[in-house]
Each structure stands twice: as structure tokens, then as C-alpha cells.
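Trainee: Numbering (my numbering), first residue to last: 1284 to 1440.
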């Protein structure tokens, strides 16, 4: 971390250095410290999908769900061929915004790209359950259990 910061001080116009410093802070759950570096990376390269995604995570962790959604939508538009992780995170943020039908769609998009994404299956199952779509919910939970037979949240009773 310290070495990256020294390099960034010498080359502040390099978006990659700013991104890696921000990512390092984010991994250590130091969102407030990650934010300015990720923002700097995006100032220099507004189409950096990874910086958009990680800054969206910072916004989400700071309960800034609208900002997180905007960043995820931008990242999604730029991700060539789609990105299951972006769709999954869109689902999480949409749920936080109480936009449950859209969240179901986002989890479905994640699963179209990565059918064995247990978290997308689990959260889609929970939304089906919430909407009283029990056969679909049970199907999602069964698929999670096929992937992880001991998953504690997938046992539908």
C-alpha cells in the first residue's frame, strides 16, 4: 500500500495506480479512504469497468444506493458480453432501493451468464418467496443445494 502511494505521488496521472490503491482500501473495508482514489481513477479513465464497479461497492457500503446504482448501470453498459458479478450487485442494490421486480431481473441476467452463481440463485429464490412464487423459489433453493449441499439459507421449510 505504501509503495503504491509513493508511486502515485510521483505519477498522479496514472489511473491504474489510483485504482489499485482504491481497491486495496476497499478490500480492507476502508471505504472512505478508497473513494477518492477510485474517483481519481475514473476521472482519468471514465470507462474503467473495474473502477466503476468498485466505486459502486463503496457507495453501497456507505448506504448511497442511488449512486451505487448509477455506477453499476454505467459499468454494465460498458462490460462487453455482460458480467454476472455486475448483474448480481445490481440485484443487491435494487433490493436496497425496494425495486424488487427489477432485482429479480438482474439476478436472472446474472444467472444467464453464470448459471451456477449460488448467490444469485439464493437471492432470486428469496424474491420468488417474497412474491409468493413458491415453485420458483423452491427450484432456486434446490439448485443452490445442488451446488452446496450444506448451504444454511437454501433449506426451504
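By construction, the Cβ of each residue, glycine as well, lies at the ideal position given by its N, Cα and C atoms.
Quick check on residue 1305: buried or exposed, where buried means 16 or more other Cβ atoms within 10 Å of its Cβ?
Mentor: Buried, because 16 or more other Cβ atoms sit within 10 Å of the Cβ of residue 1305.
Trainee: Out of curiosity, what's the CA-to-CA distance linking residue 1355 and residue 1308?
Mentor: About 19 Å.
Trainee: Can a CB atom of chain D be found closer than 9 Å to the CB of residue 1395?
Mentor: Although the question refers to chain D, the structure presented lacks it and comprises just one protein chain.
Trainee: Kindly give me the distance between the Cβ atoms of residue 1352 and residue 1376, rounded to whole angstroms, as I take these residues to be in contact under 8 Å.
Mentor: The pair is a contact, with the Cβ atoms about 5 Å apart (cut-off 8 Å).
Trainee: Around the Cβ of residue 1392, are there at least 16 other Cβ atoms within 10 angstroms (buried) or fewer (exposed)?
Mentor: Residue 1392 should be labelled buried.
Trainee: Relative to the C-alpha of residue 1348, which candidate in 1303, 1367, 1374 has its C-alpha closest?
Mentor: It is 1374 whose Cα lies nearest to the Cα of residue 1348.
Trainee: Figure out for me which residue from 1378, 1384, 1329, 1341 has the closest Cα to the Cα of residue 1358.
Mentor: Ranking 1378, 1384, 1329, 1341 by Cα distance to residue 1358 puts 1329 first.
Trainee: Pick helix, strand or coil for residue 1359, following the three-state DSSP scheme.
Mentor: Helix at residue 1359.
Trainee: Just verifying my parser: in three-state terms, what is the DSSP assignment at residue 1396?
Mentor: Three-state result, residue 1396: helix.
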